[in-house]
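Residue 275 is where the sequence shown starts when you use our numbering, and the numbers rise one by one after that.
C-beta: ideal position from N, C-alpha, C; glycine also.
Heads up, the thing below is written out as structure tokens.
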Amino acid sequence: MGTLDYYAAIARLAPGALALSAVRRVQGVARQARYRRRERTDEVRLLSAFGVTRAEELAQKALNSRTSRAWCEVSQRESVLAALSSLPGARERAIARAQAALRQEWDVFGTRVVFGEGKPVDWSLDVLSGHRYPLAPVERMPLLSKGNDPKYPWVMGRLDSVIALAQGYWVETSRRERSRLASAFVMQVLDFLQANPVGQGVQWSCAMEVALRGANLAQALAMFADAPEVRRAEFLVPLLGSLADHMSWVEAHLEDRGAVPNNHLVSNHVGLLVVGLLFPELPGASRQVALAVAGLCEQMSAQVHVEGTSFEGSIPYHRLSVELFTLALLVARGAGVALGTAYETRLKRMFHAVRAWSSETGLAPQIGDNDSGRVFPLRDRGDMEQGYLVGLGAALFGDAALAGGELPDEAAWLLGHVGLERYQRLSPGAAPRSISFPEGGFHVLRGAGAVVTVSAGKQGQRGVGGHSHNDKLSFELHLGGRPVIVDPGTGSYTRDPAMRNAFRGTSAHNTVQVDGAEQATLDQARLFALPEEAKARVVAFLPGTSVDRLRVRHDGYRLLPAPVGIERTFRLDRRERSLAGRDSFIGTGSHEVIGRFHLPDEQARRVTPDAQVLARAQRAAEEPLVFSPVAVELGPEGAPLAWILLEEGLESQVVPSRYSPGYGRVVPAVTVEFRGQVKPPSSLKWVVVFR
């Protein structure tokens with residue numbers, strides 16, 4: 275797809291988006307011109323903003339006179355500690371995070387790096403490739419180069435580590451340890467500021483990262499407000515000045531220039547809001563807060579469907595969006611700023627969506643891109659964990675429909691003892707049931723220990739498809755909270771464009787591929803675009819007492835020389851503990867079809883199914899069906915989890931593949947493939963029987 279074709283597609287899919295984008299680009303140029311002419315936040319300007327004449331008075335004004343009641347204020351510490359004391363292991367988890375931060379240790383997408391306590395950090399390092407980004411003005415810095423990935427230094431530069439140090443400072447009782455943590459905070463911040471001058475180097479190349487770093491710095495400073503090491507003028511002056519510089523940079527470089535702004539713009543507004551509300555005396559803070567409040571309310575409406583799903587077209591990015599919008603709400607509430615009923619109502623629905631697709635172990639399906647992104651650096655979480663958000667939502671809104679299980683650490687930190695008491699008063703809600711989210715394009719069938727999540731809807735970001743994959747009619751199957759048939763994930767973004775496209779291609783998903791074609795065009799030059807060619811949608815969603823049915827369709831192969839449409843019918847039978855599938859082809863000609871079931875590991879083998887498994891599969895199919903004599907057994911040998919049975923005439927094979935359980939990590943796995951020749955109208959049938 276050439277440039278003209280791409281923009282023509284955007285114009286069709288998001289009417290008016292290009293015109294708005296052009297306006298925003300002009301506004302962005304003007305903002306950056308004003309930014310270049312602005313006064314720098316030197317000591318004189320900073321003291322004037324806080325209404326003091328000497329740097330030594332800054333601590334009293336900035337750290338003692340706190341009007342906010344946000345979670346990170348020292349005034350909330352006792353409440354937070356009381357809530358943490360009721361959660362087994364919470365204090366120990368916080369100390370472990372703090373100790374890792376003391377060692378200046380990061381887990382960078384599966385690669386461990388340690389710089390040592392008090393030692394300089396190589397903030398420009400891509401720890402996987404060894405590449406160091408130059409300290410050059412961002413306008414002239416080559417950011418993207420094959421084999422390298424700026425997301426790796428960004429993980430360190432977001433400074434989640436300073437929140438971990440502050441957590442340790444709150445839970446530690448030893449004066450010596452608390453002083454050690456406060457000193458580490460001072461040293462790490464000063465090291466970062468010295469190594470990364472404003473507007474230079476990889477750490478200033480993305481306004482989203484600048485905004486979230488500013489938010490982390492502001493929250494950590496509030497948590498350390500009573501630490502003598504932090505109250506010294508030689509630290510406060512550069513840090514407060516840097517906070518002002520961070521937010522001025524974000525304000526001038528708002529990521530609103532694309533045809534359809536996304537989570538980056540939300541992050542920009544969150545940073546402006548958090549810093550501006552926690553330190554309202556900073557130059558420009560009142561203007562930036564007003565901008566952020568208006569922007570967040572607008573983007574909540576634009577980026578979250580009424581049903582509560584994110585418009586990103588990705589379930590992992592839904593987690594990021596929930597955390598972004600929640601952090602904004604919590605800090606705004608603490609400062610007495612209202613974001614409105616509409617904002618809160620839609621955010622609550624986002625938590626309900628998480629509950630709908632999370633398994634008993636809290637794992638969510640990996641549909642769409644997964645860059646392992648989070649905003650709450652309060653407890654280490656797996657890349658596909660989302661269940662903790664359900665408890666947080668219950669405590670935040672007092673919503674019994676979200677209640678059940680233990681309160682997560684995040685809720686204790688963010689809501690304190692009040693949140694704990696609110697949660698404890700709730701009666702557990704009913705178990706989640708099958709549900710369809712047509713706007714988000716996700717459809718969940720639940721029962722008999724199974725969670726089946728199907729992708730069938732429009733490309734994300736209003737048709738731009740930035741984080742969508744060619745996964746229409748694909749699904750994930752979790753059994754007993756364990757992923758059994760999976761989406762292979764994301765692998766990488768810009769480091770390896772070939773890998774990027776392989777993981778988002780049709781063959782990397784649990785759907786049928788016709789004549790080797792893609793459902794939608796993968797433009798090698800546009801790694802974050804996927805046109806709306808498949809037109810996937812729900813035909814019927816029929817939940818029942820013991821059987822749920824879902825019929826979905828896409829037209830991605832209507833452009834073939836012999837056009838064909840595909841309908842896939844899912845039938846989850848709770849009595850038989852099985853999932854039956856039927857792939858129907860409507861069109862002309864003769865086609866070669868390949869269907870796939872991707873696994874998260876290499877535990878699969880071809881076997882002769884026993885009579886009981888065959889009988890259950892036959893009943894699940896709900897029609898007379900002759901099966902191939904060989905099935906594929908999934909899971910450990912001797913303790914299988916499920917069996918895949920195919921109708922007679924379809925041959926299965928188990929082939930090597932790859933699985934990415936989180937951004938930047940790829941492990942060996944296998945895929946179960948089946949092939950057939952079809953002449954529409956015709957269909958192919960398969961059944962997965964659970965242990």
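- Within this structure, are the beta carbons of LEU361 and LEU681 separated by less than 8 Å? Translated into positions along the sequence shown, residue 361 becomes position 87. Translated into positions along the sequence shown, residue 681 becomes position 407. Yes, they are a contact pair.
**Inter-residue spacing [alpha-carbon to alpha-carbon] between VAL961 and ALA891** = Residue 961 sits at position 687 when you count from the first residue of the sequence shown. Residue 891 sits at position 617 when you count from the first residue of the sequence shown. Cα atoms of VAL961 and ALA891: separation of roughly 6 Å, rounded to the nearest angstrom.
Discussion item. Going by C-alpha to C-alpha distance, which of LEU666, ILE437, TYR443, GLU413 sits closest to GLN477?
Written reply: For the purposes of this step, residue 477 is taken as residue 203 along the sequence shown, with counting starting at 1. For GLN477, the nearest C-alpha among the options comes from GLU413.
request  = Assess, as a yes-or-no matter, whether the region 792-806 is touched by the region 768-784 under the definition of 3 or more beta carbon pairs within less than 8 Å.
outcome  = Yes, the region 768-784 touches the region 792-806.
**Prompt:** Do you know offhand how far PRO942's Cα is from VAL929's?
**Reply:** In the sequence shown, counting from the first residue as 1, residue 942 sits at position 668. In the sequence shown, counting from the first residue as 1, residue 929 sits at position 655. One C-alpha to the other measures close to 11 Å.
| message | Helix, strand or coil for PHE671? Go by DSSP, reduced to three states. | response | Residue mapping note: residue 671 aligns to position 397 of the sequence shown, counting from 1. Looking at PHE671 - three-state DSSP - the assignment turns out to be helix.
Specify, as a first and last residue, the run of the beta strand (DSSP E) that PRO942 falls within. Your numbering for residue 942 matches position 668 in the sequence shown. Annotation: the continuous beta strand (DSSP E) that includes PRO942 extends over 939-952.
- Might you give, ordered along the chain, the residues of its own chain that have their beta carbon closer than 7 Å to the beta carbon of ALA895, omitting 5 neighbours on each side? Numbered from its first residue, the sequence shown carries residue 895 at position 621. Spatial neighbours of ALA895 in its own chain (CB-CB distance under 7 Å, excluding positions within 5 residues in sequence) are listed in chain order as ALA854, LYS959, VAL961.
- Task: Starting from the N-terminal side, write out each stretch of the alpha helix (DSSP H) that is 4 residues or longer and does not extend beyond the region 386-460.
- Result: Correct list: 425-431, 434-445.
For the beta strand (DSSP E) that contains LYS959, what are its first and last residues? On the sequence shown, residue 959 is found 685 positions in, with the first residue counted as 1. Going by DSSP, LYS959 is part of the beta strand (DSSP E) stretching over 956-964.
query: For ASP822, which three-state DSSP category applies?
result: To locate residue 822, count along the sequence shown from 1; it is residue 548. DSSP places ASP822 in strand when its eight states are reduced to three.
* DSSP state of PRO771, grouped into three classes? -> Indexing the sequence shown from 1 puts residue 771 at position 497. Helix, per DSSP.
Interface flag, LEU621 vs chain B, CB-CB below 8 Å
Among the protein chains of the structure shown there is no chain B, as only one such chain exists.
Would VAL401 pass as a contact of THR385 if the rule is Cβ separation under 8 Å? Taking the first residue of the sequence shown as position 1, residue 401 is located at position 127. Taking the first residue of the sequence shown as position 1, residue 385 is located at position 111. With a cutoff of 8 Å on beta-carbon distance, VAL401 and THR385 are scored as near each other.
Counting C-beta neighbours from all protein chains within 10 Å, is the total for GLN886 16 or more, i.e. buried, or is it exposed?
Residue mapping note: residue 886 aligns to position 612 of the sequence shown, counting from 1. Using a 10 angstroms sphere on the CB of GLN886, the tally of other CB atoms stays under 16, which defines it as exposed.
Residues bridged to ASP857 by DSSP? As a position in the sequence shown, residue 857 is number 583, starting the count at 1. Answer by DSSP bridge pairing, in chain order: ARG842, LEU958.
Over the uninterrupted alpha helix (DSSP H) stretch that includes SER595, give me the two end residues. Taking the first residue of the sequence shown as 1, we reach residue 595 at position 321. Per DSSP, SER595 is one residue of the alpha helix (DSSP H) stretching across 589-608.
Where ARG623 and LEU676 are concerned, what is the direct C-alpha to C-alpha distance, given to the nearest angstrom? The residue you call residue 623 lines up with position 349 of the sequence shown. The residue you call residue 676 lines up with position 402 of the sequence shown. Whole-angstrom Cα-Cα distance: 10 Å.
Coil, strand or helix - GLU347 by DSSP: Looking up residue 347 in the sequence shown gives position 73. Here DSSP, grouped into helix, strand and coil, assigns GLU347 to coil.
Proximity of VAL580 and SER595 at Cβ, strictly below 8 Å: Residue mapping note: residue 580 aligns to position 306 of the sequence shown, counting from 1. Residue mapping note: residue 595 aligns to position 321 of the sequence shown, counting from 1. Here VAL580 is not near SER595, since their CB atoms are 8 Å or more apart.
Practice problem: Would you mind sorting LEU278 into buried or exposed? The rule is 16 or more other CB atoms within 10 Å of its CB. | Solution: Counting from 1 along the sequence shown, the entry for residue 278 is found at position 4. Bear in mind that a pLDDT of 43 at LEU278, under 50, signals an unreliable position, so the number given afterwards is only what the model happens to contain. Exposed, by the Cβ-count rule.
**OP:** Tell me whether GLU866 is buried or exposed, calling it buried when 16 or more other Cβ atoms sit within 10 Å of its Cβ.
**Re:** Taking the sequence shown and counting its residues from 1, the one referred to as residue 866 is at position 592. It counts as exposed.
**Request:** Report the option in LYS425, ASP643, GLY672, ALA606 whose CA atom is closest to the CA atom of GLY703.
**Result:** Numbered from 1 along the sequence shown, position 429 holds the residue referred to as residue 703. The candidate whose alpha carbon is nearest that of GLY703 is GLY672.
Q) Nearest-angstrom Cα distance between ASP530 and VAL484? A) Here residue 530 is taken as the residue at index 256 of the sequence shown, counted from 1. Here residue 484 is taken as the residue at index 210 of the sequence shown, counted from 1. Just so you know, the alpha carbons of ASP530 and VAL484 end up roughly 15 Å apart.
ask   = Exposed or buried, LYS953, counting other C-beta atoms within 10 Å across all chains shown (16 or more means buried)?
value = Numbered from 1 along the sequence shown, position 679 holds the residue referred to as residue 953. Its Cβ having fewer than 16 others within 10 Å, LYS953 is exposed.
**OP:** Please state if the CB of LEU603 and the CB of GLU618 are separated by a distance shorter than 8 Å.
**Re:** By 1-based counting over the sequence shown, the position of residue 618 is 344. By 1-based counting over the sequence shown, the position of residue 603 is 329. Closer than 8 Å, so yes.
#### Entry: In DSSP terms, what SER729 is bridged to
Translated into the one-based positions of the sequence shown, residue 729 becomes position 455. Paired residues: PHE716.
Legend entry - Buried or exposed by the 16-neighbour rule on C-beta atoms within 10 Å, applied to VAL544: Here residue 544 is taken as the residue at index 270 of the sequence shown, counted from 1. With at least 16 other beta carbons inside 10 angstroms of its own, VAL544 counts as buried.
Contacting residues, own chain, Cβ-Cβ under 7 Å from PRO557 (five flanking each side not counted) = Working through the sequence shown from its first residue, we reach residue 557 at position 283. Result list for PRO557: THR315, ARG319, ALA323, ALA518, in chain order.
Kindly identify the DSSP beta-bridge partner or partners of GLY721. The sequence position of residue 721 within the sequence shown is 447, counting from 1. DSSP lists ALA724 as partners of GLY721.
Evaluate VAL540 with the Cβ neighbour count: other Cβ atoms within 10 Å of its Cβ, from every protein chain shown; 16 or more gives buried, anything less gives exposed.
Start at 1 with the first residue of the sequence shown, and residue 540 comes out as number 266. That one is buried.
Spatial distance of LEU666 from GLN573 (CA atoms)
The residue you call residue 666 lines up with position 392 of the sequence shown. The residue you call residue 573 lines up with position 299 of the sequence shown. Rounded to whole angstroms, LEU666 to GLN573 spans 22 Å at the Cα level.
Within 10 angstroms of its Cβ, does ARG561 collect 16 or more other Cβ (buried), or is it exposed?
Taking the first residue of the sequence shown as 1, we reach residue 561 at position 287. By the Cβ-count criterion, ARG561 is exposed, with fewer than 16 other Cβ atoms from all chains shown falling within 10 Å of its own Cβ.
Q. How should GLN927 be labelled, buried or exposed, when 16 other C-beta atoms within 10 angstroms of its C-beta is the threshold for buried?
A. Locating residue 927 in the sequence shown gives position 653, where the first residue counts as 1. Exposed, since its Cβ has fewer than 16 Cβ neighbours within 10 Å.
Original post:
With a cut-off of 8 Å, do at least 3 Cβ pairs link the region 751-764 to the region 802-810?
Top reply: Between the region 751-764 and the region 802-810, the count of C-beta pairs closer than 8 Å stays below three; the two stretches do not touch.
Notebook entry, point to check: Is it right to say GLN735 is buried, meaning 16 or more other beta carbons lie within 10 angstroms of its own, or is it exposed?
Noted result: Walking along the sequence shown from the start, residue 735 turns up at place 461. Result: buried.
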